[in-house]
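Structure record follows, encoded as structure tokens.
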Amino acid sequence: MHRLLQFTLDLFDPTPTAAPREREAKPEVPRNRKAPDAIQTIAIAAERPAELLDQVLSPAAFRHPRANREVVLGDSVVAFEFRRARRRNIGFVVGPEGLTVTAPKWVPLYEIDAAVKTKSAWIVRKLGEACERQRRIESARIDWKDGAVFPYLGEQVIVVLDPRHAFEEVGAVLNTKGEALPGVPRYTLHVGLAQSAQPQQVRDAVQAWLMRRAKELFTERLDHFAPQLGVSWRKLVLSSAGTRWGTAHADGLIRLNWRLVHFRLPVIDYVVAHELSHLRVMDHSPRFWETVRTVVPDYAELRGQLKEEALPPW
23 MHRLLQFTLD
33 LFDPTPTAAP
43 REREAKPEVP
53 RNRKAPDAIQ
63 TIAIAAERPA
73 ELLDQVLSPA
83 AFRHPRANRE
93 VVLGDSVVAF
103 EFRRARRRNI
113 GFVVGPEGLT
123 VTAPKWVPLY
133 EIDAAVKTKS
143 AWIVRKLGEA
153 CERQRRIESA
163 RIDWKDGAVF
173 PYLGEQVIVV
183 LDPRHAFEEV
193 GAVLNTKGEA
203 LPGVPRYTLH
213 VGLAQSAQPQ
223 QVRDAVQAWL
233 MRRAKELFTE
243 RLDHFAPQLG
253 VSWRKLVLSS
263 AGTRWGTAHA
273 DGLIRLNWRL
283 VHFRLPVIDY
293 VVAHELSHLR
303 VMDHSPRFWE
313 TVRTVVPDYA
323 ELRGQLKEEA
333 LPPW
């Protein structure tokens with residue numbers, strides 16, 4: 023009878039009393055475990071605030087394609103490439119791919135991490151600028167067809183596929199007689215290709231025309247500045263380097279990137295004067311910059327334009 027009564031009470035009791043919950047034991051963390059040199063391990067402690075967990079678990083806001091270390095800088099997770107090299111101090115480079123940190127072999131990892139956090143404001147700002155620049159570059163990507171637009175000497179030029187030109191003759195002719203309308207390019211480049219030409223054909227034809235014009239223009243500007251600087255150049259070579267606009271050799275050989283022809287003439291003049299000045303001063307000392315200033319007084323502003331202006335991918 024007693025058991026039947028207890029069973030009835032259990033059925034009608036809406037809030038049965040649960041057994042006291044045992045306190046969860048914290049997992050033991052092995053001591054003296056050495057973190058691998060290749061990658062920084064972020065430990066998630068039980069007492070870490072929830073808002074920081076979101077930062078740790080979310081994908082890196084800035085991730086280098088060869089990232090092997092990761093750090094939280096403010097509100098950003100930065101995955102960067104870390105390399106050892108023979109150098110005297112820790113170096114930081116922010117490029118199109120992201121952040122690269124280079125350090126001497128004798129510098130311990132904790133000092134490298136501290137140095138990265140010390141430079142956090144600069145790193146995050148530069149990474150943001152690099153991402154914005156890359157976004158502008160991608161938005162400027164050219165669709166090579168009739169009506170495509172590309173920059174030439176600071177002007178926008180419209181590609182016109184004009185099969186009336188014989189294919190064996192000069193591949194393209196620039197028309198500069200168009201009316202200047204707001205927001206509309208006034209230059210057209212008539213390319214001797216059929217309307218059915220493939221994008222690769224159109225791009226190659228435009229590039230060939232640009233390289234011919236670059237050779238002519240660069241030669242003219244070298245001849246203009248060399249006497250003013252009191253130097254002689256021997257040979258001009260067009261380059262397609264991905265990171266250098268020009269180089270100068272002591273024997274008078276000048277290399278200039280053909281894509282400089284996209285920029286305004288004052289920017290081109292700065293690069294030409296820069297390389298010719300190296301025939302007098304083969305470094306970037308104050309004396310070198312004073313040499314450049316004698317022929318291009320506003321070189322600092324033009325140098326900034328060269329760095330900031332985003333050219334379309336070719």
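Under this note's numbering, the first residue of the sequence shown carries the number 23, and numbering increases by one thereafter.
The beta-carbon is built from N, C-alpha and C at its ideal position, and this holds for glycine as well.
| query | result |
| --- | --- |
| For residue 316 and residue 250, the rounded distance between their alpha carbons | 9 angstroms |
| Any alpha helix (DSSP H) of 4 or more consecutive residues that is wholly inside the stretch 152-240 | none |
| Beta-carbon spacing of residue 91, residue 102 below 7 angstroms | yes |
| Through-space distance from residue 173 to residue 189, alpha-carbon basis | The predicted position of residue 189 is uncertain, since its pLDDT is 47 and thus under 50; no value can be drawn from it. |
| Inter-residue Cα distance where the pair is residue 224 and residue 323 | 34 angstroms |
| Backbone CA spacing between residue 94 and residue 100 [nearest angstrom] | 6 angstroms |
| Cβ-Cβ distance between residue 230 and residue 193 below 7 angstroms | yes |
| For residue 92: DSSP bridge partner residues | 101 |
| Length of the line joining the Cα atoms of residue 179 and residue 237 | 19 angstroms |
| Neighbour-count burial assignment, residue 160, 16 or more Cβ in a 10 Å radius | exposed |
| Closest by C-alpha distance to residue 148, when choosing among 213, 286, 256 and 116 | 116 |
| Cα-Cα separation between residue 118 and residue 156, rounded to whole angstroms | 7 angstroms |
| Cβ-based burial, residue 215 [other Cβ within 10 Å; buried from 16] | buried |
| First and last residue of the uninterrupted alpha helix (DSSP H) at residue 257 | Not the alpha helix (DSSP H): residue 257 falls in the beta strand (DSSP E), residues 257-261. |
| Residue 275 - partner residues in DSSP beta bridges | 257 |
| C-beta contact flag for residue 209 and residue 177 at 7 angstroms | yes |
| Close beta carbons around residue 207, own chain, < 8 angstroms, minus the five adjacent residues each side | 171, 177, 178, 179, 180 and 200 |
| Buried versus exposed call for residue 329 [16 or more other C-beta atoms within 10 Å across all chains shown] | exposed |
| Same chain, Cβ closer than 6 angstroms to residue 290, five either side skipped, listed in chain order | 282 |
| Cβ-based burial, residue 307 [other Cβ within 10 Å; buried from 16] | exposed |
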